[in-house]
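K.L.:
Here's a structure for you.
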Amino acid sequence: EDQVTQSPEALRLQEGESSSLNCSYTVSGLRGLFWYRQDPGKGPEFLFTLYSAGEEKEKERLKATLTKKESFLHITAPKPEDSATYLCAVYGKRDDKIIFGKGTRLHILP
Amino acid sequence: NAGVTQTPKFQVLKTGQSMTLQCAQDMNHNSMYWYRQDPGMGLRLIYYSASEGTTDKGEVPNGYNVSRLNKREFSLRLESAAPSQTSVYFCASSQPGGGNTEAFFGQGTRLTVV
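Going line by line, the protein sequences match chains G and X. If you use our numbering, the first sequence corresponds to residues 91 to 200, in order. If you use our numbering, the second sequence corresponds to residues 6 to 119, in order.
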């Protein structure tokens, strides 16, 4: 069965303090790994899709990377507006399910 | 372009009552999903539909039924609501097989069962 585990559950950083969020996954053939951002009271907002090991994507202060067993979301010099819950999800080849991890709650202190 | 629209946004039910959550997408996507989100639990898949006319169980299907009315609409029904179904429900759609396979989400329905 496809599984996604995210760590840490919560992370508090000072503004400008770079760090990484981890997403470990098991899937029967990967069709795509997704990163989403979710603000309180809102639906998840799409950030990135990664399709194969070695792939990297960047958007402003965020960079996502992928290996055969895990993905990292690197946050460089974060700002308070980067505070949110970050969700990782996988889409496998066995069926059409998209399975999510429990998320990482990120809080950036000014 | 509305994307994914869910109704209602908020609902309070009494235990044993029934209701249907509505979802519609205007992106011509084949796949649609229903998730529930509880504190500390992330998004858990209830049911999904890979195409019009097909539905399949997800991780937590008990107590729910779904209908894929047409390509645009995918509804979630609670036949006899229970307090354990208090949650935020999200509908999503995607287009597998294309260049972009990510799911797009609605704004959610906050359901309280008392």
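No residue lacks a Cβ here, since even glycine has one placed at the ideal position from N, Cα and C. No experiment lies behind these values; they were computed from the predicted model shown.
CB-CB under 8 Å to X:Ala55, same chain, minus the five flanking residues each way: which ones, in chain order?
P.N.:
Asn35, Ser36, Asp61, Pro101
K.L.:
Should the region 142-153 of chain G be regarded as contacting the region 10-28 of chain X, the criterion being three or more beta carbon pairs within less than 8 Å?
P.N.:
no
K.L.:
Residues of chain G with CB under 9 Å from X:Leu50, in chain order?
P.N.:
Those within 9 Å of X:Leu50 in chain G are Lys187, Ile188, Ile189, Phe190.
K.L.:
Beta carbons nearer than 8 Å to chain G: which residues of the region 26-46 of chain X have them?
P.N.:
Ser36, Tyr38, Tyr40, Gly45, Met46
K.L.:
Nearest to X:Glu57 by alpha carbon, out of X:Ser80, X:Gln42, X:Gly68?
P.N.:
X:Ser80
K.L.:
Whose CA, out of G:Glu171, G:Phe124, G:Thr157, G:Lys132, lies closest to the CA of X:Ala99?
P.N.:
What sits at residue 99 of chain X in the sequence shown is Ser, not Ala. Among G:Glu171, G:Phe124, G:Thr157, G:Lys132, the Cα nearest to that of X:Ser99 is on G:Phe124.
K.L.:
Apart from the five residues on each side of it in sequence, which residues of its chain come closer than 6 Å, Cβ to Cβ, to X:Ala29?
P.N.:
Thr10, Arg77, Glu78
K.L.:
Starting from G:Ser118 and walking both ways along the beta strand (DSSP E), at which residues does that stretch end?
P.N.:
Element bounds for G:Ser118: n/a, residue is neither H nor E.
K.L.:
Going straight from the alpha carbon of X:Tyr40 to that of X:Val93, what length do you get?
P.N.:
8 Å
K.L.:
What residue range does the beta strand (DSSP E) around X:Leu74 cover?
P.N.:
Unbroken run through X:Leu74: none, as it is neither H nor E.
K.L.:
Between the alpha carbons of G:Gly193 and G:Ala143, how many angstroms are there, rounded?
P.N.:
21 Å
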